[in-house]
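Numbering (my numbering), first residue to last: -16 to 107.
Think of the CB as a built atom: it goes at the ideal place given N, C-alpha and C, for glycine as much as any other residue.
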């Protein structure tokens, strides 16, 4: 019986720590943006639609997730996980993707500028 109480206390502590990762302003409620940023801190890049789908699956009609909703999600993650996003904006991608795209754009722009400059000087 004592082991069960210890395990329960351990799980409560783990839920509290996980919840604090998401609840950055410490108001005991998670808005959609906090959920999105919390998953981003964990390396999961969820779109706004995926977060909305999670709120819908949990039956949250308002704009805030409580710690009870969060605990329900964490105890049965597979049941509430959203599907693949239909559209993910540029800023919802991982930073590595954003940097890769930026360098490709700068590279192509540079190649075009140098080529145009060369053609113009060659024509004169």
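If you reduce the DSSP assignment to three classes, tell me which class residue i lands in.
i           : result
residue 37  : helix
residue 67  : coil
residue 28  : coil
residue 52  : helix
residue 78  : helix
residue 107 : coil
residue 6   : coil
residue 72  : coil
residue 93  : helix
residue 42  : coil
residue 59  : coil
Which residue's Cα is closest to the Cα of residue i: the options?
i          : options            : result
residue 16 : 31, 4, 2 and 27    : 31
residue 52 : 18, -8 and 97      : 18
residue 24 : 7, 39, 85 and -9   : 7
residue 71 : 45, 33, 43 and 40  : 33
residue 40 : 61, -7 and 100     : 61
residue 9  : 48, -11, -9 and 43 : 48
Name, in chain order, the residues that DSSP records as bridge partners for residue i.
i          : result
residue 47 : 14
Suppose the cutoff is 7 Å on Cβ atoms and the five residues either side in sequence are ignored; what does the same chain contact list for residue i look like?
i          : result
residue 11 : 50
residue 63 : 37, 40, 41 and 56
residue 73 : 81
residue 43 : 52
Residues in its own chain within less than 6 Å of residue i by CB, not counting five upstream and five downstream?
i          : result
residue 77 : 28
residue 80 : none
Please confirm if the stretch 44 to 58 is in contact with the stretch -7 to 4, defined as three or more CB-CB distances below 8 Å between the two stretches. yes
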